[in-house]
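Reading the sequence shown from the start, the letters are residues 94 to 552 in this note's numbering. Structure, as structure tokens:
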Amino acid sequence: MNRILTAIILSLFVVTGYITYLVHERQSELQKFTRYTDSWSMSQMVSEYMRLESRLAGMAIGAEGADHDEVRLRLEIMMSQIELLQEGDLGKFINKSEQQKTVVATLIRNLHLLDKQVDTMTPEQVRQILPVLSELDGPLTSMAAATLTQDINIVNITHDKIQHLYYIYSVISILLIAMCITLGLLMLRQNNNLRRAHVRMKTLANDLQASKEKLQVQNRRLQYDAYHDSLTGMPNRLSFWQRLQEIVNQVRPYKGCAVVMLFDLDSFKDVNDTLGHDAGDKLLQDLASRLSFFRKTSEMLYRLGGDEFAMLSYDLTEEMALERANVIREKISQPYQIYDAQINIDACIGIVISDGESRTDYLYKCADLALYEAKKEGSGHVQIFRPGMLQRLQENKSFEDDLLQALAHDEFKVYYQPIADTVTREIYGYEALVRWFHPVRGAVPPTVFYSGGRENRSY
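The structure is reproduced here in structure tokens:
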């Protein structure tokens with residue numbers, strides 16, 4: 094019995110050793126199949142090289158999607174595969190042929206050259222380098238075909254050896270089936286895990302979409318706030334300048350005219366001082382509500398700040414502009430009921446109608462000057478800008494500058510006029526009189542430079 098048990102145990106050892114040998118042989122033969130990946134890698138590399146040339150050609154002709162980033166991506170893919178040509182079985186196969194080594198060296202040199210220049214290359218430079226790259230198309234394709242041919246031969250030989258081993262492995266098929274069943278169970282478990290992960294990813298994607306929509310709403314709100322007044326909801330100064338430039342550009346081709354109208358409220362400061370700033374804010378909101386009817390395609394009202402407002406339009410005659418201004422002034426002058434108090438205010442309006450003028454800041458300056466002239470005439474007046482207004486402004490500025498320099502240039506002369514008693518004819522005092530002798534204007538009457546100095550705040 095002991096001998097039988099010993100024989101059985103020895104037989105088990107022999108069989109186990111033989112099975113180990115067969116497994117080793119099978120693994121050796123199967124290992125040869127991995128060489129087939131070399132031909133696949135070589136084919137993929139040739140394919141990526143063709144894609145790189147295609148993107149470069151697209152960039153040279155300005156095709157959509159063929160930009161520096163796309164070319165850089167394809168180039169990085171090619172650069173990452175250079176080591177495959179120099180190491181492993183594929184490297185050994187290439188080193189067997191001097192021609193193949195030359196092709197690989199040329200490829201690596203071209204890729205490094207392209208890597209240094211691709212980010213700054215112009216379409217003309219791309220067209221110059223394309224012929225250099227295309228010279229390798231044929232050699233690379235031939236190399237891929239040679240790699241594939243060698244792998245196919247190895248696969249055929251290995252296939253015959255494995256076919257022989259197949260019959261031996263049949264006896265352990267039950268074990269393989271058991272392993273397959275186990276693998277199937279593991280795959281089911283993995284699929285369940287993937288399904289749960291997919292559900293979590295979908296939930297996360299929905300959350301991201303909701304966050305994106307919320308962010309878009311906030312961005313639209315921020316954009317609205319940037320171009321609108323927070324108190325009245327009217328377009329603000331930034332929107333005014335943007336629209337004014339648009340109107341100027343719009344009317345320039347057909348020599349149309351842009352219309353700028355500035356107006357501010359008379360006695361608005363008194364409302365703030367007597368009733369408080371809350372009442373002033375409420376007044377501005379009511380005024381904006383009254384003028385909301387004026388919002389048309391070609392006409393828009395703006396709040397520039399404080400009690401200063403503006404209207405922009407185009408292709409209006411002076412009569413039409415005056416009509417619009419009077420409508421606005423009439424709307425503004427109607428009584429307001431603010432916190433049980435009736436408030437009556439009016440507005441002065443300055444208008445400028447461009448005549449080929451394209452400088453927006455100049456148009457605003459002219460409208461502001463017309464508004465200044467309207468204020469000088471009193472509450473509720475409307476003035477259209479005239480060139481004489483600008484001339485008077487320049488003269489006043491020149492007069493102010495001369496007046497500021499008169500004392501330094503010793504242009505003032507003092508005269509003393511005696512004051513006598515009309516009865517006794519006795520002189521009891523003197524009156525000092527100042528006279529201004531300007532080198533260009535000549536003798537300037539005191540009434541002129543005194544009133545001019547007060548108006549320009551020179552003293």
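We put the CB at the ideal spot given by N, CA and C, even for glycine. Bear in mind the structure is a predicted one, so any value in this text is a computation, not a measurement.
Compute the Euclidean distance between the alpha carbons of Cys-459 and Tyr-509, then round it to the nearest angstrom.
45 Å
DSSP beta-bridge partners of Leu-394:
Met-404
Taking Gln-193 as part of the alpha helix (DSSP H), name the residues at either end of that continuous run.
191 to 210
Three-state class that DSSP yields for Gly-349 in the structure shown
coil
Would you say the segment 216 to 225 touches the segment 138 to 153, given that touching needs at least three Cβ pairs under 8 Å?
yes
Contact under 9 Å by Cβ, Asp-408 with Leu-358
no
Can you check which of these residues, Met-236, Tyr-142 and Glu-163, is closest to Met-70 by C-alpha distance?
Because the chain spans 94 through 552 in this model, residue 70 falls outside it and cannot be assessed.
Burial state of Tyr-347 (16 or more Cβ within 10 Å):
exposed
Measuring only the C-alpha atoms, how far is Met-294 from Ala-303?
14 Å
For the candidate residues Glu-466, Ile-438 and Ser-134, whose alpha-carbon lies nearest to that of Val-364?
Ile-438
State buried or exposed for Ala-132, treating a residue as buried only when at least 16 other CB atoms are found within 10 Å of its CB.
One detail in the question is off: residue 132 reads as Ser in this sequence, not Ala. Buried, because 16 or more other Cβ atoms sit within 10 Å of the Cβ of Ser-132.
Option in Ile-436, Ser-136, Glu-339 and Ala-153 with minimal Cα separation from Asp-244:
Ser-136
Starting from His-321, follow its DSSP beta bridges and name the residues at the other end.
Pro-328
With a 10 Å radius around its C-beta and 16 neighbouring C-beta atoms as the bar for buried, classify Asp-230 as buried or exposed.
exposed
Might you give, ordered along the chain, the residues of its own chain that have their beta carbon closer than 6 Å to the beta carbon of Arg-547, omitting 5 neighbours on each side?
Note that Arg-547 scores a pLDDT of 46, beneath 50, so its modelled location is shaky and nothing firm can be said.
Provide the residue(s) that pair with Trp-334 in DSSP beta bridges, ordered along the chain.
Answer is none; Trp-334 lacks a bridge partner.
Hey, how far is the Cα of Arg-314 from the Cα of Tyr-320?
10 Å
Rounded distance between the beta-carbons of Gly-443 and Ala-463, thought under 8 Å:
3 Å
Where Ala-298 falls, given that 16 or more other Cβ within 10 Å makes a residue buried
exposed
Terminal residues of the continuous alpha helix (DSSP H) containing Glu-423?
411 to 426
What residue from Leu-178, Val-164, Asp-514 and Val-445 has the CA that sits closest to Gly-481's CA?
Val-445
What do you reckon, are the CB atoms on Leu-368 and Ile-421 nearer than 9 Å?
no
Residue span of the beta strand (DSSP E) that contains Ile-477, given as start and end
475 to 477
Quick check: the Cα distance between Pro-216 and Ala-153, rounded to an integer number of angstroms?
4 Å
What is the DSSP secondary structure of Met-172, reduced to helix, strand or coil?
helix
Cβ of Ile-425 within 9 Å of Cβ of Ala-440?
yes
I'd like to confirm the pairing. Which residues does DSSP put opposite Ile-436 in its beta bridges?
Tyr-429
What does a CB cutoff of less than 7 Å around Asp-160 pick up in its chain, not counting 5 residues either side in sequence?
Met-152
From Phe-505 to Glu-339, what distance separates their C-alpha atoms?
51 Å
Counting only the same chain and skipping the five closest in sequence on each side, list residues whose C-beta sits under 6 Å from that of Asp-448.
none
DSSP three-state label for Leu-595, please.
The requested residue 595 is not part of the displayed model; the chain covers only 94 to 552.
Proximity below 9 Å, CB of Phe-333 to CB of Leu-405
yes
Looking only at DSSP bridge pairs, what is Ile-442 linked to?
Phe-356 and Val-475
When we look at the beta-carbon of Leu-337 and count the other beta-carbons within 10 Å, is it buried (16 or more) or exposed?
buried
Under the three-state reduction of DSSP, which class applies to Val-364: helix, strand or coil?
helix
Is Gly-473 close to the ligand MN? I mean its beta-carbon at under 8 Å from any heavy atom of the ligand.
Although the ligand MN was asked about, the structure shown includes no ligands whatsoever.
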